[in-house]
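Note sheet for the following structure.
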Amino acid sequence: MPATLGPGLMPQLHTIRSRDKLTSEGMNFLGADLLRLVEDVLPARFGGYPTDYQLAEQEEQGLSRVNLLITPRRGPVDEQAVVAAVLDFLDAVPHARGPYGERWRDAGTLRVRREEPYATGASKVLALHVNKPERAAHHDAGVTR
């Protein structure tokens, strides 16, 4: 039985995220699909290493946006071709329930940013980085632990 905070009040949870999946435009992409995209598909098609690419999910005005970070060390890359390759990959995910890439295409969800992928404290670059939502970052700034 959940603990109560007072008569009729219950704890609320917010800013719950998963590092094993990406959720955007009402669709979930599992970690295995993201790994295949970032570690195999993009390096094979555009060169470089898996650590040269990273999907970074970010909340903007209540909407989830996805940035594909490509290290500037990769040199010139046809950004439109990269976006097309990602969206085509998403359309072809075998267990998908529809053309996911088409939804992102229509909503303008995916953007390419030429910057270094985020690294963990242990200097590991993960396929997916989830940026803390602005509201939660502001809320957490005043919390003393």
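For what it's worth, our numbering labels the leading residue of the sequence shown as 380, then goes sequentially.
We treat Cβ as the ideally placed atom computed from N, Cα and C, and that holds for glycine.
Just so we're clear, the structure is a prediction, and the values are computed from it rather than from any experiment.
Margin query: For a minimum of 3 consecutive residues, which ranges assigned as the beta strand (DSSP E) are wholly contained in the region 428–461?
Written below: 432–439 and 442–449
Checklist line | Spatial distance of residue 443 from residue 492 (CA atoms) | finding: Within the sequence shown, residue 443 is the residue found at index 64, counting from 1. Within the sequence shown, residue 492 is the residue found at index 113, counting from 1. Using only the alpha carbons, I get a separation of about 16 Å.
Item checked: residue 509 vs residue 458 beta-carbon contact at 8 Å -> As a first step, residue 509 is located in the sequence shown; it is residue number 130 there, counting from the start. As a first step, residue 458 is located in the sequence shown; it is residue number 79 there, counting from the start. The answer is no: Cβ separation not under 8 Å.
Check: What three-state label does DSSP hand residue 504 in the structure shown?
Finding: Here residue 504 refers to the residue found at position 125 of the sequence shown. Residue state, collapsed to three classes: coil.
Item checked: Separation of residue 431 from residue 452, as counted between CA atoms -> Within the sequence shown, the letter at position 73 stands for residue 452. Within the sequence shown, the letter at position 52 stands for residue 431. The straight-line gap from Cα to Cα measures roughly 8 Å.
Item checked: Local Cβ density within 10 Å of residue 488, reported as buried at 16 or more and exposed below that -> Against the sequence shown, residue 488 aligns to sequence position 109. So residue 488 counts as buried.
Notebook entry, point to check: Sorted by chain position, which residues of the same chain lie with C-beta nearer than 8 Å to residue 418's C-beta, five sequence neighbours on each side aside?
Noted result: Taking the sequence shown and counting its residues from 1, the one referred to as residue 418 is at position 39. Closer than 8 Å at the Cβ level, and outside the excluded window around residue 418, lie 429 and 506.
Item checked: Buried or exposed (CB count within 10 angstroms, at least 16 for buried), residue 496 -> What you label residue 496 is simply residue 117 of the sequence shown in a count that begins at 1. By the 10 Å Cβ count, residue 496 comes out buried.
Check: How is the alpha helix (DSSP H) around residue 413 delimited, first residue to last?
Finding: For the purposes of this step, residue 413 is taken as residue 34 along the sequence shown, with counting starting at 1. From DSSP, the alpha helix (DSSP H) with residue 413 extends over 410–414.
Notebook entry, point to check: In three-state DSSP terms, what is residue 509?
Noted result: Translated into positions along the sequence shown, residue 509 becomes position 130. In the structure shown, residue 509 sits in a strand (DSSP, three-state: E or B).
Check: Just the Cα atoms here: how many angstroms apart are residue 424 and residue 440?
Finding: Along the sequence shown, read from residue 1 onward, the residue named residue 424 stands at position 45. Along the sequence shown, read from residue 1 onward, the residue named residue 440 stands at position 61. About 33 Å.
Next item on the list: May I ask which residues mark the beginning and end of the beta strand (DSSP E) holding residue 491?
Entry: Along the sequence shown, one-based indexing puts residue 491 at 112. Run containing residue 491: 489–493, per the beta strand (DSSP E) assignment.
Next item on the list: Pull up the distance between the alpha-carbon of residue 434 and that of residue 461, whole angstroms please.
Entry: Mapped onto the sequence shown, residue 434 falls at position 55. Mapped onto the sequence shown, residue 461 falls at position 82. Looking at the two C-alpha atoms, the distance is approximately 12 Å.
Checklist line | Cutoff 7 Å; reference residue 402; Cβ partners in own chain excluding five residues on either side | finding: As a position in the sequence shown, residue 402 is number 23, starting the count at 1. Low confidence applies here, because residue 402 scores a pLDDT of 48, under 50, leaving its location unreliable and the question unanswered by this model.
Margin query: Is the separation between the beta-carbon of residue 420 and that of residue 464 shorter than 8 Å?
Written below: As a first step, residue 420 must be located in the sequence shown, where it is residue number 41. As a first step, residue 464 must be located in the sequence shown, where it is residue number 85. Their beta carbons are under 8 Å apart, which means residue 420 touches residue 464 by this criterion.
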